[in-house]
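With the first letter of the sequence shown counted as 1, position 36 gets the number 420 in the working numbering; the numbers rise by one all the way through.
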Amino acid sequence: MNCCEGCSPESGKSKFKPGGNALERRDTFERPLSRNSPSSGLAMPPAAKKSKANPGSEGDDKENASTSSSASATSAATSAAGPRSDYLSWDDYFTSVAFLSAMRSKDPSTQVGACIVNSSNRIIGIGYNGFPAGCPDDALPWSRVGPMLETKYPYVCHAEVNAILNKCSADVRGARIYVALFPCNECAKMIIQSGIKEVVYLSDKYHDSDQCKASRMMFGMSGVKCRRHVPEKKRIVIEFPDVEKEVEEDRKRVREEEEEEEEGRGK
Numbered sequence: 385m386n387c388c389e390g391c392s393p394e395s396g397k398s399k400f401k402p403g404g405n406a407l408e409r410r411d412t413f414e415r416p417l418s419r420n421s422p423s424s425g426l427a428m429p430p431a432a433k434k435s436k437a438n439p440g441s442e443g444d445d446k447e448n449a450s451t452s453s454s455a456s457a458t459s460a461a462t463s464a465a466g467p468r469s470d471y472l473s474w475d476d477y478f479t480s481v482a483f484l485s486a487m488r489s490k491d492p493s494t495q496v497g498a499c500i501v502n503s504s505n506r507i508i509g510i511g512y513n514g515f516p517a518g519c520p521d522d523a524l525p526w527s528r529v530g531p532m533l534e535t536k537y538p539y540v541c542h543a544e545v546n547a548i549l550n551k552c553s554a555d556v557r558g559a560r561i562y563v564a565l566f567p568c569n570e571c572a573k574m575i576i577q578s579g580i581k582e583v584v585y586l587s588d589k590y591h592d593s594d595q596c597k598a599s600r601m602m603f604g605m606s607g608v609k610c611r612r613h614v615p616e617k618k619r620i621v622i623e624f625p626d627v628e629k630e631v632e633e634d635r636k637r638v639r640e641e642e643e644e645e646e647e648g649r650g651k
């Protein structure tokens, strides 16, 4: 077996197993929660009653009522306008970007994406496996078996390589790269030479292949950290909304809230 998305079968003793698609985990993408949020009405405390026994306590009662009102308003505002709690972690986010990028790959058997991130959690490079620029996708073979020149292996650029070459930053030193599969030895060389210091991967299913053994050896010698990421979310879905419909629903919701507010004032 080989690592990455398509190492040459001649470079190791094992070959890919059919169906080695990096996306078979069914890690699809999920939209954020609905934008509708509860209205931010504030509950005011009951008015303080005058004390006949101690007329001087009227000021204290008013002060207590004001303090209680302020605390209640702060609590209600925090509850209504607080942040979501189910947002994506950084690792899940960048891993999702890598998987989304993989969907651009034309490879019929294996689609892999990569995402490079700097120390400020800014994406500085994205790539996916495919033929070199200028080589038509229908002019070269995509086969995994047969004579070397009749397979995809001599021609395909791996996702890690493309992400490094497509970087939007002049320097990727000290960055980390997110990938679906543990990098092959050829990608490991590029990662080390570019100065990337951490590899975050989901699967090491080709762990025992010679290519991956060589990768681990080189990563260890060069001080590149390798870390397997276990996603917090197993399913993430991207759904493109009907914008016109959402705009109309938002307008309707605003009208309903305004009507409720008017009714409250009338009472």
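Ideal placement from N, C-alpha and C gives every residue a C-beta, glycine not left out.
This structure is a prediction, so every number in the text was calculated from the model and none was measured.
- According to the DSSP secondary-structure assignment, Ser587 is paired through a beta bridge with Leu565.
- Taking C-beta separations shorter than 6 Å and ignoring five residues to either side along the sequence, the partners of Tyr512 in its chain run Ser485, Ala486, Arg488, Ser489, Gly497 and Ala543, following chain order.
- As DSSP reads the structure, Glu582 sits in a beta bridge with Arg560 and Lys609.
- Between the stretch 548-564 and the stretch 582-594, the count of C-beta pairs closer than 8 Å reaches three or more; the two stretches touch.
- Between the alpha carbons of Asn546 and Ser504 lies a distance of about 22 Å.
- Where Ala523 is concerned, there is no enclosing alpha helix (DSSP H), because DSSP gives it neither an H nor an E.
- Remark: three or more beta-carbon pairs, one from each stretch, lie closer than 8 Å, so the stretch 590-599 and the stretch 566-573 are flagged as touching.
- As for any alpha helix (DSSP H) of minimum length 4 sitting wholly inside the stretch 466-546, the runs are 474-486, ordered along the chain.
- Between Lys551 and Gly509, the C-beta spacing is below 7 Å.
- Cβ contact annotation for Val481 (same chain, cutoff 6 Å, sequence separation greater than five): Cys499, in chain order.
- In summary, Gln577 is exposed, with fewer than 16 beta-carbon neighbours lying within 10 Å of its beta-carbon over all protein chains present.
- A residue is called buried once 16 or more other Cβ atoms fall within 10 Å of its Cβ, and Gly466, having fewer, is exposed.
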